[in-house]
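Quick note: to get my numbering, add 48 to the position in the sequence shown (first position is 1).
Quick reminder that beta carbons are idealized off the backbone N, C-alpha and C, glycines included.
Report on one structure; see the data block that follows.
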Amino acid sequence: MLIRQGFQYVLRLKPRKQALLRRWIGCRRFVFNEALAHQKSELAEGRRRPGYAALCARLPALKQNHPWLCEPPAQALQQALKDLCTAWERTYSSCFGAPRFKKRGEGDTLRLPQDCRYDGTVGVVHLPKFGAVRLRHSREALGELKNVTLRQERGRWLASLQTERELDVALPNATSAVGLDFGATTTIMPSVGDPIVLPLKLGRYERRMKRLQQSLSRKKKGSRNRVKTRQRVAACHARIAAIRRDFLHQRTTQLVRNHGLIAIEDLAVKHMSVSAAGTLDKPGKNVKAKSGLNRAILRNAWSMTRQMLEYKCTWRGLMLVAVAPAYTSQRCSACGHVALENRKAQLFKCTLCGHAEHADRNAAKNILAAAHAMLSANKEAQPGGCPACTAGYAETHACEGAWHPPLRSRPHSAAQGMSVGIPLAGTISELSPSGNLHP
Ligand SMILES: [Zn+2]
């Protein structure tokens, strides 16, 4: 399997080189904004929006008017135009809306797709028009270097090396299956084994963040102290994100190492974390409680966890099954009885058979059972039919025959890794008719 993987390193740069990179990033931002302004003016006059080729053709004239644009490699400026065109393409397929003008510090990166060389023996990357840069070489980047992205974060310069390589996907060593329930208090509750909870030190940084934000709100606008506090807030944000990402990477790797099949819920996190505030005319109810729940949902990074599981399962030949989340928290994992009264806060107690368990653990078992049922029913599942119904959940499953995707493959995003041209493991279409778990 051909895969792409990102390897991130901290750069060791002299102040002179840092200033050069900042200038290059400024040039890139200028080209992006200028091209966007040009596109908008064309659209306003009723003409077609210029595409990538047309925008690239304008670059030489732009360089004549602004000679300082000749300093960075031309490819870096072309990449800005490419990003602009991609942003337009995503306008209608995503929630981001039309591209906006960028200001300093907003998505400031520089991508170099050609003429970069990486020397893994000494930990140096050679960049065009820039020279050799030493990396804080924590690990060797595997595969052939495809592009280098540079950015600044918390005062450090980071380089992300994207490489491509052929990966041998072997059958997973473990044969056990596990169901995972993503929760608000327990980050991940597996059907067997210890619950996975975010590390305590995260809470420490979150409390510091709260204090910093309060302090920021008291600072006078435009003052030097406000700038300094804002930098501290950004640093704290980055630290929290890094702790969470690192923790989830460790735990998801552990999960894919120890299991042959992983079942999760197919949750629409974006819809679940919508604010309940409503509008001025129609104010919502329980706004504060809902906002607390939203914060807990986003704090536990369900989408990021799923993204990590998706590519790690693909790379290791595991099957990742996403089941329809309906009634997983209300169904008794022992007898199958479904009732709203079964679940009381964190405790699950079946009103029919008396089975009592941690509510999340019970849900995780249900998720695993639903995945097994879905896999065994795969042969009977007709295209366009609902696999959750054919899997024997018709009595509780109110889909009325309409298709809703219980297994969803996602477009590849900027996750740490992705596979090229290979669909993700865990889509039901990839199951062989024999029910073979290996994709
Ligand atoms: Zn029961």
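Let's see if you can read the secondary structure: which residues bound the beta strand (DSSP E) around residue i?
i	result
Lys267	Element bounds for Lys267: n/a, residue is neither H nor E.
Val172	172-175
Ala311	309-313
His406	404-406
Lys194	192-201
Met237	236-238
Thr157	157-160
Asp167	165-167
Arg52	50-60
Thr211	204-214
Ala232	Here Ala232 belongs to no beta strand (DSSP E), and DSSP marks it neither H nor E.
Ala180	179-183
In the DSSP assignment, find the alpha helix (DSSP H) that holds residue i and state where it starts and stops.
i	result
Leu91	63-92
Ala101	100-105
Ile291	272-306
Lys318	317-320
Can you tell me which of the options puts its alpha carbon nearest to the alpha carbon of residue i?
i	options	result
Met320	Thr301, His285, Ser351, Leu328	Ser351
Val304	Thr157, Val371, Arg354	Arg354
Arg152	Arg199, Leu388, Asp242	Arg199
Val317	Thr301, Leu346, Lys330, Leu129	Leu346
Pro220	Ala419, His420, Lys360	Lys360
Pro243	Thr234, Asn113, Glu212	Thr234
Gly171	Ala105, Leu209, Asn426	Leu209
Lys258	Leu400, Val245, Val281, Thr223	Val281
Ala349	Ala325, Ser323, Phe78, Leu315	Leu315
Leu183	Pro176, Leu193, Gly168, Asn195	Gly168
Glu313	Ala418, Arg204, Ala146	Ala418
Leu48	Met49, Ala146, Arg138, Arg204	The structure shown has nothing for residue 48, since the chain only spans 49 to 487.
Ala286	Ser265, Pro161, Tyr253	Tyr253
Thr157	Ile288, Ala128, Gly179	Ala128
Ala283	Arg256, Gln262, Lys267, Gln302	Arg256
Glu192	Gln123, Gly155, Arg379, Val173	Val173
Lys338	Ala232, Arg204, Leu68, Ala122	Ala232
Leu61	Val181, Ala374, Lys194, Val196	Val181
Gly203	Gln66, Ser141, Lys397	Gln66
His406	Lys392, Glu90, Gly74	Lys392
Asn426	Leu400, Arg77, Val371, Pro247	Val371
Ala222	Asp408, Pro176, Gln302	Gln302
Ser381	Ala387, Leu357, Lys413	Lys413
Thr376	Gly340, Ala411, Cys164, Glu358	Ala411
Does the beta carbon of residue i sit closer than 8 Å to a beta carbon anywhere in chain C?
i	result
Pro115	Checking the listed chains, one finds no chain C in this structure; it contains a single protein chain.
What are the start and end residues of each continuous alpha helix (DSSP H) run of 4 or more residues lying completely inside the segment 123-154, in chain order?
-> Listed in chain order, there is nothing to give.
3-residue-minimum beta strand (DSSP E) runs that sit fully inside the segment 333-398, ordered along the chain | 367-371, 395-397
Are three or more beta carbon pairs between the segment 365-384 and the segment 306-316 nearer than 8 Å?
-> The segment 365-384, when compared against the segment 306-316, does touch it at the 8 Å Cβ threshold.
Mind the definition here: the segment 290-297 touches the segment 265-282 only if three or more C-beta pairs lie below 8 Å; say whether that holds.
-> With contact defined as three or more Cβ pairs closer than 8 Å, the segment 290-297 and the segment 265-282 are not in contact.
For ligand 1, list every residue whose C-beta falls under 5 Å from any of its heavy atoms, going in chain order.
-> Cys380, Ala382, Cys383, His385, Cys398, Leu400, Cys401, His403
Could you say if the segment 104-118 and the segment 131-148 meet the contact criterion of at least three C-beta pairs nearer than 8 Å?
-> no
Flag this pair as touching only if the segment 88-107 and the segment 222-232 have three or more C-beta atom pairs under 8 Å; answer yes or no.
-> As far as the Cβ criterion goes, the segment 88-107 does not touch the segment 222-232, which means the pair count is below three.
Counting pairs of beta carbons, one from the segment 49-62 and one from the segment 203-217, are three or more of them closer than 8 Å?
-> yes
Using 8 Å as the threshold, is the segment 327-334 in touch with the segment 259-271, meaning 3 or more CB pairs across them?
-> No contact exists between the segment 327-334 and the segment 259-271.
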